[in-house]
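Protein chains: 2
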Amino acid sequence: MQEISNSELAVLNVLWHHSPLNASEIVNALAAQQMHEKTVKTLLNRLVKKQAIGFEKQGRAYLYQPLINQNEYQIKQSKTFIERVFGGNLSPLIAGFAKHNELNEKDIAELKSVIEQWEKEQK
Amino acid sequence: MQEISNSELAVLNVLWHHSPLNASEIVNALAAQQMHEKTVKTLLNRLVKKQAIGFEKQGRAYLYQPLINQNEYQIKQSKTFIERVFGGNLSPLIAGFAKHNELNEKDIAELKSVIEQWEKEQK
DNA sequence: ATTTAAAAATTACAAATGTAATCTTATGTT
DNA sequence: AACATAAGATTACATTTGTAATTTTTAAAT
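Protein sequence lines correspond, in order, to chains A and B. Numbering of the first sequence is given in our numbering, commencing with residue 2 and proceeding in unit increments. Numbering of the second sequence is given in our numbering, commencing with residue 2 and proceeding in unit increments.
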């Protein structure tokens, strides 16, 4: 599948959060990001063309829903990002966040739990 | 400053690894990624225009070096990425990596050290 | 000094992207 | 049934990006 652009992703994020939704509901959800209605419609069309979302007719309107899985998308993008920006090493990202005080209590707790889980699985 | 594109970043990464370098040295470094010489030259020009790199003349050739800091770039991009893809939460990224077995011994060790460091600083 | 070859500068060009406006069509209303 | 209106479809258009080719300049060799 073709790449999903940044602005397309904003639309997709809405549908990952809650779906199905019709176009005007999506427009409303994106009003905060001051994205114009016509722009959202364009992006919906492009996402359909890219087979990232699908729809079914509901009266005059369409009901859209994602066709790709958010978690899969996230992990794939993460790998690509870390490859591109960090040469494939994850930990510099974490270290960078730590250094710039971007980590909070909750992050640390979750990191610990991830580590614990990982170690359990290594048995 | 304008955004740095993916292919531009590949060039910039070479210079972050070692600089200053002249164009043909950079071309050589990128030969592995089968990037055409002319393409590299174009990207060097664009990076100069974007003020991401600078140069000084050395004979007929230019010696290029980065003008922006890699760590700063990395943290900024990381924040943007995590905002865009994970809605701002770091830990799902790590958890995702863990779940897909993308974490190795070394990553875990570094994560632990980051956590330790973080806790020390919270005192 | 001339020629040449290598560097840099300029130009090219299609595809993707951001951002809408306009056109067409189907549906709800009167 | 006619019509207004709202949805979706199509068109628009400048900018960015990937990927080079062509042109111009200039230092190096003879």
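Note that the Cβ used here is the ideal one computed from N, Cα and C, for glycine as well. Values in this document were obtained by computation on a predicted structure and should not be read as measured data.
For A/Ala-62, the enclosing beta strand (DSSP E) stretches over residues 62-67. Per DSSP, B/Gly-55 is one residue of the beta strand (DSSP E) stretching across 54-59. Looking at the DSSP output, B/Leu-22 sits in a beta bridge with B/Tyr-65. Collapsing the DSSP output to three states places A/Gln-35 in coil.
When DSSP states are grouped into helix, strand and coil, B/Leu-91 belongs to the coil group. With fewer than 16 neighbouring CB atoms inside 10 Å of its own CB, A/Gln-59 falls in the exposed class. Annotation: the continuous alpha helix (DSSP H) that includes A/Gln-118 extends over 106-123. 8 Å or more divides the Cβ of B/Ala-11 from the Cβ of B/Gln-35.
Judged by DSSP in its simplified three-state form, B/Gln-3 adopts coil rather than helix or strand. Excluding residues up to 5 positions away in sequence, Phe-87 lie with their Cβ nearer than 7 Å to the Cβ of A/Pro-93 in the same chain.
Taking A/Pro-21 as the centre and dropping the five residues before and after it, the same chain places the C-beta of Leu-64, Tyr-65 and Gln-66 closer than 7 Å to its C-beta, in chain order. Contact of B/Arg-85 with chain A is assigned, a C-beta pair being separated by under 8 Å.
With contacts defined as CB atoms closer than 8 Å, B/Ala-62 and B/Ala-24 qualify as a contacting pair. Using a CB distance cut-off of 8 Å, A/Val-115 counts as an interface residue toward chain B. Here the alpha carbons of A/Asn-70 and A/Thr-81 stand approximately 17 Å from one another. At a beta-carbon threshold of 7 Å, none of the residues of chain A lie near B/Lys-51; the nearest stands roughly 17 Å away. Per DSSP, reduced to three states, the secondary structure at B/Glu-9 is helical.
Ranked by how close their Cα comes to the Cα of A/Asn-105, the residues B/Asn-105, B/Gly-89 and B/Ile-109 have B/Gly-89 in first place. One Cα belongs to B/Ala-96, the other to A/Ile-83, and the distance between them is close to 15 Å.
Contact annotation: B/His-101 and A/Ile-76 have beta-carbon atoms nearer than 8 Å. With respect to B/Ile-116, A/Leu-112 sits close: the two C-beta atoms are nearer than 8 Å. In terms of Cβ geometry, A/Val-41 and A/Leu-31 form a close pair [threshold 8 Å]. At a cut-off of 8 Å between beta carbons, B/Glu-111 contacts chain A.
Under the Cβ criterion of 8 Å, B/Ser-25 is not counted among the residues facing chain A.
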